[in-house]
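Asks: In UniProt numbering, the protein residues as written are 1 to 349.
I have a structure I would like to understand better, so I am pasting it below and will then ask my questions one at a time.
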Amino acid sequence: MNLYDPARIPRSTIPENQEFPMLALSSWVTPENKFYIRNHFPYPVLPTNDWKLSIVGFVQHPIHLNYQALFQYPQITLPVTMECSGNKRTYFQPKTRGVQWEQGAVSHAIWTGVSLRTLLQAAGISPNAREVIFEGMDTGERTDLPGTFRFARSLPIEKSMHPDTLIALYMNGKPLPYKHGYPARLIVPNWYGMASVKWLYRIVATDQEFKGPFQEKDYVVYRSEADTKRRPVTLMKVNAAISQPTDQTIMRRGMHIITGTAWSGHGFVKKVEISLDRGKSWSLVRWLDPEEKYSWRRWGWDWHVPVPGTYHIMVKATDDKDNTQPLQAEWNVNGYENNSMPQIQIYVE
Ligand SMILES: Nc1nc2c(c(=O)[nH]1)N[C@H]1C(S)=C(S)[C@@H](COP(=O)(O)O)O[C@H]1N2
Ligand SMILES: [Mo]
């Protein structure tokens with residue numbers, strides 16, 4: 001039994017941003033009331049019965065589907081880990097702008113819905129379409145530009161046509177909770193969370209490059225305002241988190257289990273290692289979950305501590321493409337993609 005049942009950790013109120021409490025990593029699937037929440041704007045108005053999902057633009061016959069109609073298409077179910085690209089931002093030095101996430105802007109759920117590809121084919125996607133734009137129902141202001149904006153993002157046509165890119169209707173076996181995008185949201189496996197647009201109402205196929213501010217201004221990695229080598233945020237880097245014990249814990253001598261999770265948008269996590277001597281030597285952890293294509297994998301390590309003292313623990317995940325976590329992730333202006341090795345300090349009495 002888990003003695004703790006901590007709630008989500010608030011980071012801002014309007015818009016609402018909340019972290020998954022990583023110390024409550026007691027199940028492979030994150031319960032809906034613990035799954036992190038990341039919003040750019042206040043919540044949109046709950047859609048009425050006339051809500052439809054439109055698929056328009058570079059298609060032969062635009063379609064407009066109501067909620068029931070979406071269930072007429074074959075449904076697929078996929079467990080997928082979602083991580084905000086701003087996860088662990090607060091650990092960057094110097095601090096950057098943006099929500100100061102610790103390590104809980106990541107969660108894992110089971111999503112059910114229609115393959116986006118099925119809907120694009122039903123609408124007769126044009127061979128000239130290069131990108132697909134996803135528009136959310138939420139709107140609001142930005143601090144850097146005048147006017148009102150809508151949260152919208154595009155995906156390259158190849159990723160849009162991948163059978164595992166989903167229009168999700170269900171999360172963990174129930175209709176999507178409103179905060180996670182009811183009635184329908186995109187789920188883009190392996191990509192950072194910004195791609196998975198919530199509260200969908202319109203999908204536009206286009207032959208142009210989409211230039212919305214959440215595409216061009218945000219979610220771009222660059223090292224200074226003068227940096228000309230800019231690149232968009234896409235696949236999740238290999239990353240890990242320590243769940244228990246939490247940093248700065250005081251513990252008794254004896255047997256303890258260090259637990260956590262690891263994931264990568266580039267492939268499978270092939271190993272997680274732990275070091276008690278600041279990286280001079282490493283030991284392998286054992287897995288607590290099976291390997292699944294788009295899922296994080298929890299791990300545990302039995303730690304026998306006979307001697308009181310201060311202990312420093314470091315964790316490093318490596319994926320099957322041999323991507324590994326750096327000691328210190330490269331700083332960038334917006335504080336994205338921080339996949340530095342997790343480190344904690346424990347006092348044993
Ligand atoms: N419509 C809409 N979709 C959105 C966002 C948003 O603000 N509005 N935030 C994005 C970001 S940055 C992330 S990390 C994920 C978070 O999804 P969650 O709130 O279900 O955890 O949603 C993405 N989809
Ligand atoms: Mo995000």
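Even for Gly, the Cβ is constructed at its ideal location relative to N, Cα and C.
#1: Would you list the one or two residues that DSSP bridges to Tyr336?
#2: Do the CB positions of Gln100 and Lys88 come within less than 7 angstroms of each other?
#3: If you draw a straight line from the alpha carbon of Trp301 to that of Thr259, how long is it in whole angstroms?
#4: I'd like to know if the stretch 201 to 218 and the stretch 119 to 134 are in contact, where contact means that at least 3 CB-CB pairs between them fall below 8 angstroms.
#5: When you measure from the CB of Arg38 to every non-hydrogen atom of ligand 2, does any distance come out below 6 angstroms?
#6: Determine the burial state of Ser264: buried for a count of at least 16 other Cβ atoms within 10 Å of its Cβ, exposed for fewer.
#7: Would you list the one or two residues that DSSP bridges to Trp111?
#8: Let me make sure I understand the geometry here. Which of Ile346, Trp296, Ile167 has the alpha-carbon closest to that of Val80?
#9: Regarding Leu236 and ligand 1, is the C-beta to nearest heavy atom distance less than 6 angstroms?
#10: Here's a check: name, in chain order, each residue in its chain whose Cβ is nearer than 7 angstroms to the Cβ of Glu291, leaving out the five neighbours to either side.
#11: If I follow the unbroken alpha helix (DSSP H) through Glu216, where does it start and stop?
#12: Are the Cβ atoms of Trp303 and Val272 separated by less than 7 angstroms?
#13: From Glu349 to Gly254, what does the alpha carbon distance come to, in whole angstroms?
#14: For a minimum of 3 consecutive residues, which ranges assigned as the beta strand (DSSP E) are wholly contained in the stretch 21 to 74?
#15: Across which residues does DSSP place Gly300 in a beta bridge pair?
#16: Could you have a look at Gly136 and say whether DSSP puts it in helix, strand or coil?
#17: Do you know how far the Cα of Phe210 is from the Cα of Phe151?
#18: Relative to ligand 2, is the shortest distance from any of its heavy atoms to the C-beta of Gly124 smaller than 6 angstroms?
#19: Do Phe41 and Ser107 have their CB atoms nearer than 7 angstroms?
#20: Of the choices Ile313, Gly113, Met82, whose alpha-carbon is the least far from that of Ala184?
#21: On the three-state DSSP scale, how would you describe Leu176?
#22: What residue from Glu225, Ala240, Ser27, Pro6 has the CA that sits closest to Ala329's CA?
#23: Going along the chain, which residues of its own chain have a beta-carbon closer than 6 angstroms to the beta-carbon of Tyr347, five neighbours each way excluded?
#24: Does the Cβ of Met314 lie closer than 6 angstroms to at least one heavy atom of ligand 2?
#25: Would you please state the rounded distance, in angstroms, between the beta carbons of Leu243 and Leu53? I believe it to be under 8 angstroms.
#26: For Trp331, is the classification buried or exposed, using 16 other Cβ atoms within 10 angstroms of its Cβ as the cut-off for buried?
#27: Can you determine whether any heavy atom of ligand 2 sits closer than 6 angstroms to the C-beta of Gly193, and answer yes or no?
#28: Just checking, does the stretch 170 to 184 make contact with the stretch 212 to 226 on the three C-beta pairs under 8 angstroms criterion?
#29: Between Glu16 and Tyr192, which are expected to be in contact by the criterion C-beta below 8 angstroms, what is the C-beta distance as a whole number of angstroms?
#30: When we look at the beta-carbon of Lys217 and count the other beta-carbons within 10 Å, is it buried (16 or more) or exposed?
#31: What I want to know is whether the C-beta of His180 ends up closer than 6 angstroms to one or more non-hydrogen atoms of ligand 1.
#32: Tell me whether Lys198, by its Cβ, gets closer than 6 angstroms to a heavy atom of ligand 3.
#33: Considering only the beta carbon of each residue, do Val233 and Gln325 sit closer than 7 angstroms?
#34: Below 7 angstroms between beta carbons: does that hold for Ile76 and Ala123?
#35: Heavy atom of ligand 1 less than 6 angstroms from the Cβ of residue 351, yes or no?
#36: If you count every other CB in all the chains shown that lies within 10 Å of the CB of Val116, and 16 or more means buried, which is it?
Replies: Looking at the atomic coordinates:
#1: In DSSP, Tyr336 forms no bridge with anything.
#2: no
#3: 6 angstroms
#4: yes
#5: yes
#6: buried
#7: Leu78, Met171
#8: Trp296
#9: Here residue 236 turns out to be Met, not Leu, going by the sequence shown. Incorrect: Met236 has no Cβ contact closer than 6 angstroms to ligand 1.
#10: Phe268, Arg297
#11: 213 to 216
#12: no
#13: 10 angstroms
#14: 52 to 57, 63 to 66
#15: Thr259, Arg286
#16: strand
#17: 13 angstroms
#18: no
#19: no
#20: Gly113
#21: coil
#22: Ala240
#23: Ile250, Thr310
#24: no
#25: Position check: residue 243 holds Ser in this sequence, whereas Leu was assumed. At roughly 37 angstroms, the Cβ-Cβ gap does not stay under 8 angstroms, so Ser243 and Leu53 are not in contact.
#26: exposed
#27: yes
#28: no
#29: Going by Cβ atoms, the distance from Glu16 to Tyr192 rounds to 19 angstroms, so no, they are not a contact pair.
#30: exposed
#31: yes
#32: Although ligand 3 was asked about, the structure shown includes only ligand 1 and ligand 2 as ligands.
#33: no
#34: no
#35: Outside the shown range of the chain, which is 1 to 349, sits residue 351, and nothing can be said about it.
#36: Going by the sequence as given, residue 116 is Leu instead of Val. When all chains shown are included, Leu116 counts as buried.
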